[in-house]
Amino acid sequence: MTEKKKLRIATTSLAGCFGCHMSILDIDERLFPLLDLVEFDRSPLTDIKHCGPCDIGIVEGGICNAENVHVLREFRKNCKILISIGACAVTGGLPAQRNHLDLSSCLTEVYLTEPGLAHGHIPNDPELPLPLDKVHPNHEVVKIDYFIPGCPPSGDAIWKFLTDLIAGKTPELGHGLINYD
Amino acid sequence: MSNTFSLDGAEVPFAPGQTVMQAALTAGHYIPHLCYHPEFKPHGSCKLCTVKINGRTAASCTMPAEAGLEIESDIDELNDLRRRLVQMLFAEGNHFCPSCEKSGNCVLQALGYDLEVHAAGFRHQFPDRPVDASHPDILLDLNRCVLCELCVHASSEVDGKNVFGFSGRGITKHLIVNSESGKLADTDIALTDKAMQVCPVGVILPKRVGFSQPIGQRRYDQRPISAQALDDAPRPSTGASHD
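Protein sequences, first through last, are from chains A and B. The first sequence: position 180 = 180 (the working numbering), numbered continuously. The second sequence: position 95 = 95 (the working numbering), numbered continuously.
Listed below in structure tokens is the structure:
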């Protein structure tokens, strides 16, 4: 019997805090049975810089700058199934708390008027991705197939979701695993 | 003719004057609801409790119970509708659960959990709404208001104070404070008021007690709202034995 082809998974963190990636690691020793079923493409775990063709893409964090848009579109182009994971990816989350403020006033406050910034200036290096006027949840930029809410979702929730999905079932979380905080 | 109606195939008894919601909860049948509160006159605005009565949709919290009604509630069509309503409420306000003191005790959040709402689905509006921290003991955060009107009724009907009211129409409708300055500090609201206890979401909060309950011990961490709501329902007034 030939070995079953492993599913290829890519993960990335956009406007997030890597807390959801820490939660992915929180599936603990279940990573070993998971690695019998999947292999990782682009991910902070592999340090691969660009996403190749994948079965599942997992995106933490929402969209707050031009580079986030670029990476999210690369994921959508390459991943058959795209999952938003965590409050920021699903709702905009903490970064989106600036959405009712003017972007230039945020930058002025942070880099110019805060005490202790005697020679401060708003960063303008061409290498830096430009911030967007508003922060967006990912489904406002590309089609997202599934959402795992939580800040972060627990390792158990991520495990349940992924094993449901890999088994070909519609993922369900249920009481105790579905959380928005 | 017996005083019963059919709810999802179960026979539900009712007392004269009861609504479909009251009879269902008393008999141990859960119908999802947000703006309904057992101690106040229902006004049927959130539509979460919509059921099909003899094939037509109606708000179960305002519909008087009648013998022989054929009612459907826990069906895909209605649960999809409820899911959409919850999603729209999340998209319309600023409901950032990770930093909200009400998280874990919030009815809107618990409904989202129970209905397996994984995302708002709609474009988030990120409205610009004020926070009133003027009162020494009470915080008012309008970012989370779902316009259930319970604080308005509690303040006028129970507390006799008329601290809260509504202004505007449609998407501009919002909660206002009844004082010259519009600030909570200039009202006679007190921590012991009924209006402090009825907010289903995190709008009216006592100061300096936030996050006192650890995650895992909050109201809806322990039981889903579908189970909790039945515990909270008034018990049958006749034939019930209490030990």
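By construction, the Cβ of each residue, glycine as well, lies at the ideal position given by its N, Cα and C atoms.
- In the DSSP assignment, GLU74 of chain A falls within the alpha helix (DSSP H) that extends over 66-78.
- For GLU116 of chain B, the chain A residues whose Cβ falls inside 8 Å of its Cβ are GLU172, LEU173, GLY174, ILE178, in order along the chain.
- In the DSSP secondary-structure assignment, VAL51 of chain B is bridged to B:ALA58.
- The beta carbon of CYS97 of chain B sits closer than 9 Å to some beta carbon of chain A.
- By a beta-carbon distance limit of 8 Å, CYS79 of chain A contacts ILE56 of chain A. Their separation comes to about 6 Å.
- DSSP lists B:LYS52 as the beta-bridge partner residues of GLU72 of chain B.
- ALA15 of chain A sits away from HIS124 of chain B, with the two beta carbons spaced by 9 Å or more.
- One finds HIS175, ILE178 in chain A with Cβ atoms closer than 7 Å to the Cβ of TYR113 of chain B, taken in chain order.
- Chain order gives the chain B residues near THR91 of chain A as ALA120, HIS124, where near means a beta carbon separation below 7 Å.
- Under the DSSP assignment, ARG219 of chain B falls outside any beta strand (DSSP E), being part of the alpha helix (DSSP H) whose first and last residues are 219-222.
- Of all residues in the stretch 141-160 of chain A, only ILE144, TYR146, PHE147, ILE148, PRO149, CYS151 come within less than 8 Å of chain B when Cβ atoms are compared, listed by chain position.
- Under the three-state reduction of DSSP output, ALA15 of chain A falls in the strand class.
- The Cβ atoms of VAL146 of chain B and PRO200 of chain B lie closer than 9 Å to each other.
- Assignment of alpha helix (DSSP H) within the stretch 95-168 of chain B, counting only whole runs of 4 or more residues, yields 107-114, 150-153 in chain order.
- Note on geometry: alpha-carbon atoms of GLN228 of chain B and HIS29 of chain B lie some 12 Å from one another.
- The C-beta distance from LEU34 of chain B to LEU111 of chain B rounds to 6 Å, short enough to fall under 8 Å.
- Chain A has no Cβ within less than 9 Å of the Cβ of ASP186 of chain B.
- Under the DSSP assignment, PHE161 of chain A falls in the alpha helix (DSSP H) whose first and last residues are 155-166.
- For the stretch 217-230 of chain B, the beta-carbon criterion of a distance under 7 Å to any beta-carbon of chain A is satisfied by PRO224.
- For LYS134 of chain A, at least one C-beta of chain B is nearer than 9 Å to its own C-beta.
- Per the C-alpha coordinates, the member of B:HIS37, B:ILE53, B:GLU39 positioned closest to PHE5 of chain B is B:ILE53.
- Taking C-alpha positions only, GLU109 of chain A is separated from PRO152 of chain A by approximately 29 Å.
- Using a CB distance below 8 Å, the part of the stretch 68-102 of chain A facing chain B consists of SER84, ALA87, VAL90, THR91, GLY92, GLY93, LEU94, ALA96, GLN97, ASN99, HIS100, ordered along the chain.
- Annotation: Cβ neighbours of HIS139 of chain A in chain B (cutoff 7 Å, chain order): ALA119.
- HIS118 of chain B is positioned such that its CB atom lies no closer than 9 Å to that of LEU177 of chain A.
- Under DSSP, PRO131 of chain A takes part in a beta bridge, and its partners are A:ASN65.
- Residue environment analysis places ILE75 of chain B among the exposed positions, since fewer than 16 neighbouring C-beta atoms fall within 10 angstroms of its C-beta.
- Leaving aside the five residues that flank GLU180 of chain B on each side, the residues in its chain whose CB is nearer than 7 Å to its CB run, in chain order, ASP186.
- The Cβ of PRO214 of chain B sits no closer than 9 Å to any Cβ of chain A.
- Counting C-beta atoms within 10 angstroms of its own C-beta, ARG73 of chain A has fewer than 16 neighbours from the protein chains shown and is therefore classed as exposed.
- Boundaries of the alpha helix (DSSP H) harbouring THR26 of chain B: 20-26, taken from the DSSP string.
- For a Cβ distance threshold of 9 Å, nothing in chain A lies close to ASP193 of chain B: the least Cβ distance comes to about 27 Å.
- In chain order, TYR180, ASP181 make up the part of chain A whose C-beta sits under 8 Å from the C-beta of SER103 of chain B.
- Non-local beta-carbon contacts of HIS37 of chain B in its own chain, meaning distances under 7 Å to residues more than five positions away in sequence, involve LEU150, VAL198 in chain order.
- Going by beta carbons, CYS49 of chain B and ASP181 of chain A fall outside the 9 Å limit.
- Put simply, the CB of GLN197 of chain B is far from chain A, with every gap to its CB atoms at 9 Å or more.
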